[in-house]
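Asker: Let me begin by handing over the structure; questions about it come next.
Protein chains in written order, with our numbering: chain A, 21 to 405; chain B, 125 to 529.
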């Protein structure tokens, strides 16, 4: 695991300056640009953008989402700051703003200061509509966008996704549409205004639930009863859990699974060889799910995750370990690809970070630690002019 | 608006199923020419996966396929035939990007490996997105989106409590992290090509991409040495923070209370203002410590009210809240989505006037209008004639010899 230096090869966003005034749902977008060469500058009020106040110093969330950005401080309330804001905006290719943060209500001014720039405004519900100003949180947006409905067990409450997925989904849509708008703006000299609604981003991530409703008037629901094969679930093994998917339609996954049990002389092999397991419809029923769970668990608990993974690969069964976070860091495949990287913190300590989300050749991706408040005041000339 | 922001960008798009086509769709929606090269023998699994118009199977009747392939062109070619492959190379020569999400080695077996493609098109942007990357000890592991959730820790961490993982109920990594990290990488490669004239190879491991989507958990683990908690809907920073049962069948409301003042306001709304002074609930730390009792009190209130009403009253008081919306609610009753014109209907010869989610943003104050997805092989002759200059006689000959299948 090596700390990545800034690549010698030209990076995709060399020469691109991006002002980043996001503080919650849009924060990851700037990181994506920064790690590919853009100069991404957090422009912060004297006490920092709201995420600094909300999160303790060296908070892992702040550290990851703001990696490789710069930070400058500007007193937005001071009338003398206006010329500096205009100078900064006019030096930028894109400006990310976010509801409840600075300049969100100054779009006209931003566009006037730089008509060539892409202005991307991120907000919980969008800039318009009856909920434009409604209070929000990550959990609430996962509910409002419909993804919370999709997870959990049917007898329990719906279950939201962990680790701020409203932020991640909102940010990745903000990043891609900004990159598209930049493609056009750089070619034509005409900027754009993008109004990203996080609720809409979540509602855009519901697999096929919208079409299932529109075309078949069925509501997709947590637990998967009636839509998911009995085998598609998480099951215990000797030292944890595995995820299995062996519906009849997926390659030879089912045949191979049953053959393995039969070969091992396990009684579950006989159960799954019965005729009714070749009925797709029956396999969607609650009865099938219960029978499968009991009989498969009797088999799966004989093996550990490592062995299950080995067998899955050798036998072409769609199955993988449900790893803990602290196990993923030892994943042999990730080690082979040298995926994780190290980032040097302010105090010199090295911290393991996820490596690039995509492996590029030539290698032009690099990350670095998040900035301290105002760390780059001296190096951004528009601030002193 | 039908934006032409990416006009002039052309894809030879071999992606299929969920994640791949979702990432190339954003390009066709913004005016790129995305030529979907598919097979009528080995059909795209979402063409056969449904849901189907009128619940009747047909290769052009899947709503799932439709939602992932708006604005693309469909060319049907037999990649196993020499002539079919030659035509693909001819399309590649005129493309900026070639994209696939097959397993490792599949493109090589088709004769379309990176080196072979670069030999005919030196500045190609070559996107692959296999589950675990192109090589390594687990590269051959088979998986669906949920397998990616499993091996990344996302499944373990989506849990009702310690040791009780459930996992996301959808193939979540296919619908957000992976298609859009891939799209972002292609857009970056396009910019770099404009700067340097060079192409790029993008090897997106869907596992590595998804790990970035839960990257905060990995950095937390690295900084503390501890496994991040399996926290359910609860938060270590706020209480109440959860999804609460409401009046009616399977009706729920998400509520998050971020301060003592907000809690006092909520107590007043619940008709129990004295709860604000109750020492069990007087501070965030106290509320987190007494979460079970607190959630019981909240549930008593919410279960007597409609979910929409609970959410509305709390929002009016400045407290984040929302009904847990299902697909039907989003489509039929969500005033915010409707107010912003989020849903659009697009005519299609076999799907009729069916429903699509707009790209989740407005551009210059307008919606991006979608163009309908292609019928299987709809553009085969058009692309080969307009792009490659094949004449009618040649097209007929190819058709007769079975290359268009």
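Ideal Cβ positions, reconstructed from N, Cα and C, are used throughout, including at glycine.
From a predicted model like this one, the values you see are computed outputs, not experimental measurements.
Along chain A, in chain order, which residues have C-beta atoms closer than 7 Å to that of residue 473 of chain B?
Answerer: Position 349 of the second chain, counting from 1, holds the residue named residue 473 of chain B. Simply none; closest approach about 15 Å.
Asker: Does the separation of the CB atoms of residue 425 of chain B and residue 354 of chain B fall below 9 Å?
Answerer: Position 301 of the second chain holds residue 425 of chain B. Position 230 of the second chain holds residue 354 of chain B. No, Cβ-Cβ distance for residue 425 of chain B and residue 354 of chain B is not below 9 Å.
Asker: List the residues of chain B that residue 127 of chain A touches, going by C-beta distances under 8 Å, in chain order.
Answerer: Along the first chain, one-based indexing puts residue 127 of chain A at 107. Correct list: empty, because the minimum Cβ distance to chain B is about 11 Å.
Asker: Comparing alpha-carbon positions, which option in B/198, B/321, B/297 and B/406 lies nearest residue 245 of chain B?
Answerer: For the purposes of this step, residue 245 of chain B is taken as the residue at position 121 of the second chain. Closest option to residue 245 of chain B, Cα to Cα, is B/321.
Asker: Sorted by chain position, which residues of the same chain lie with C-beta nearer than 7 Å to residue 227 of chain B's C-beta, five sequence neighbours on each side aside?
Answerer: One-based indexing of the second chain puts residue 227 of chain B at position 103. Closer than 7 Å at the Cβ level, and outside the excluded window around residue 227 of chain B, lie 254.
Asker: Roughly how many whole angstroms lie between the Cα atoms of residue 177 of chain B and residue 113 of chain A?
Answerer: The count along the second chain starts at 1 and reaches residue 177 of chain B at position 53. The count along the first chain starts at 1 and reaches residue 113 of chain A at position 93. A direct Cα-Cα distance of roughly 44 Å separates residue 177 of chain B from residue 113 of chain A.
Asker: Taking 9 Å as the threshold (beta carbon to beta carbon), is residue 591 of chain B in contact with chain A?
Answerer: With chain B covering only 125 through 529, there is no way to say anything about residue 591 of chain B.
Asker: In chain order, what residues of the same chain lie with their CB nearer than 6 Å to the CB of residue 205 of chain B, ignoring the 5 residues before and after it?
Answerer: Within the second chain, the letter at position 81 stands for residue 205 of chain B. Contacts found: 527.
Asker: Name the residues in the segment 318-338 of chain B whose C-beta lies less than 9 Å from a C-beta of chain A; which are they?
Answerer: 318, 319, 320, 322, 324, 325, 326, 327, 328, 329, 331, 332, 333, 334, 335, 336, 337 and 338
Asker: Note the first and the last residue of the continuous beta strand (DSSP E) segment covering residue 486 of chain B.
Answerer: By 1-based counting over the second chain, the position of residue 486 of chain B is 362. Element bounds for residue 486 of chain B: 485-487.
Asker: Does residue 367 of chain B have its Cβ less than 9 Å from a Cβ in chain A?
Answerer: Within the second chain, the letter at position 243 stands for residue 367 of chain B. Closer than 9 Å: yes.
Asker: Would the beta-carbon of residue 452 of chain B be found less than 8 Å away from any heavy atom of the ligand FAD?
Answerer: You won't find the ligand FAD in this model; it holds no ligand whatsoever.
Asker: Closer than 7 Å, Cβ to any Cβ of chain B: which residues of the segment 206-224 of chain A, in chain order?
Answerer: 212, 213, 214, 215, 216, 217, 219, 220, 221, 223 and 224
Asker: Does any residue of chain A have a CB that is nearer than 9 Å to the CB of residue 411 of chain B?
Answerer: The residue you call residue 411 of chain B lines up with position 287 of the second chain. Chain A, which has no Cβ nearer than 9 Å to the Cβ of residue 411 of chain B, makes this no.
Asker: Going by beta carbon distance, what residues of the same chain come within less than 7 Å of residue 296 of chain A, once the five residues before and after it are set aside?
Answerer: If you number the first chain from 1, residue 296 of chain A lands on position 276. Same-chain partners within the cutoff: 302.
Asker: Can the beta-carbon of residue 434 of chain B be found less than 9 Å from the beta-carbon of residue 415 of chain B?
Answerer: Start at 1 with the first residue of the second chain, and residue 434 of chain B comes out as number 310. Start at 1 with the first residue of the second chain, and residue 415 of chain B comes out as number 291. Cβ distance not < 9 Å, so residue 434 of chain B and residue 415 of chain B don't count as in contact.
Asker: Can the beta-carbon of residue 379 of chain B be found less than 9 Å from the beta-carbon of residue 394 of chain B?
Answerer: As a working note, residue 379 of chain B is residue 255 in the second chain. As a working note, residue 394 of chain B is residue 270 in the second chain. Their beta carbons are not under 9 Å apart, which means residue 379 of chain B does not touch residue 394 of chain B by this criterion.
Asker: Based on the DSSP output, what are the partners of residue 381 of chain A in its beta bridges?
Answerer: Taking the first residue of the first chain as position 1, residue 381 of chain A is located at position 361. In the DSSP output, where bridge partners are listed per residue, residue 381 of chain A has B/325.
Asker: Would you give the residue range spanned by the beta strand (DSSP E) that residue 362 of chain A belongs to?
Answerer: Sequence index remark: in the first chain, residue 362 of chain A carries index 342 (1-based). Element bounds for residue 362 of chain A: 361-364.
Asker: Whose CA, out of B/466, B/407, B/212 and B/494, lies closest to the CA of residue 531 of chain B?
Answerer: Chain B is shown only over 125 to 529; residue 531 of chain B falls outside these bounds and no answer can be derived.
Asker: Whose Cβ in chain B lies nearer than 8 Å to the Cβ of residue 189 of chain A?
Answerer: Counting from 1 along the first chain, the entry for residue 189 of chain A is found at position 169. Residues of chain B passing the Cβ test: 300.
Asker: If the cut is a Cβ gap below 7 Å, which residues of chain A does residue 279 of chain B touch?
Answerer: As a first step, residue 279 of chain B is located in the second chain; it is residue number 155 there, counting from the start. Those within 7 Å of residue 279 of chain B in chain A are 254, 263 and 342.
Asker: Go ahead and pull the three-state DSSP assignment for residue 402 of chain A.
Answerer: What you label residue 402 of chain A is simply residue 382 of the first chain in a count that begins at 1. Here residue 402 of chain A sits in helix by DSSP.
Asker: What residues of chain A sit near residue 260 of chain B, judged by a beta carbon separation below 7 Å?
Answerer: Indexing the second chain from 1 puts residue 260 of chain B at position 136. Those are 353, 356 and 357, listed as they occur along chain A.
Asker: Work out the CA separation of residue 297 of chain B and residue 164 of chain A for me, nearest whole Å.
Answerer: As a first step, residue 164 of chain A is located in the first chain; it is residue number 144 there, counting from the start. As a first step, residue 297 of chain B is located in the second chain; it is residue number 173 there, counting from the start. Across the structure, residue 164 of chain A and residue 297 of chain B are spaced so that their CA atoms are roughly 20 Å apart.
Asker: Does any C-beta atom of chain B lie closer than 9 Å to the C-beta of residue 172 of chain A?
Answerer: Taking the first residue of the first chain as position 1, residue 172 of chain A is located at position 152. Output row for residue 172 of chain A: interface = yes.
Asker: If you measure beta-carbon to beta-carbon, which residues of the segment 32-53 of chain A are closer than 7 Å to chain B?
Answerer: 32, 33, 34 and 52
Asker: Between the Cα of residue 399 of chain B and those of B/422, B/382 and B/161, spot the shortest distance and give me the residue it belongs to.
Answerer: For the purposes of this step, residue 399 of chain B is taken as the residue at position 275 of the second chain. Among B/422, B/382 and B/161, the Cα nearest to that of residue 399 of chain B belongs to B/422.
Asker: So, with DSSP's three-state summary, where would you put residue 126 of chain B?
Answerer: Locating residue 126 of chain B in the second chain gives position 2, counting from the first residue. Residue 126 of chain B: coil per DSSP, three-state reduction.
Asker: Taking any Cβ of chain A, which residues in the segment 229-256 of chain B have a Cβ under 7 Å from it, in chain order?
Answerer: 256
Asker: Starting from the beta carbon of residue 124 of chain A, find every residue of chain B whose beta carbon is closer than 7 Å, and list them in chain order.
Answerer: By one-based count along the first chain, residue 124 of chain A stands at place 104. Under the 7 Å cutoff, chain B gives no residues; its nearest Cβ is about 15 Å from residue 124 of chain A.
Asker: Answer yes or no: do residue 42 of chain A and residue 118 of chain A have a C-beta to C-beta separation smaller than 9 Å?
Answerer: In the first chain, the residue the question calls residue 42 of chain A occupies position 22. In the first chain, the residue the question calls residue 118 of chain A occupies position 98. Going by C-beta atoms, residue 42 of chain A is nearer than 9 Å to residue 118 of chain A.
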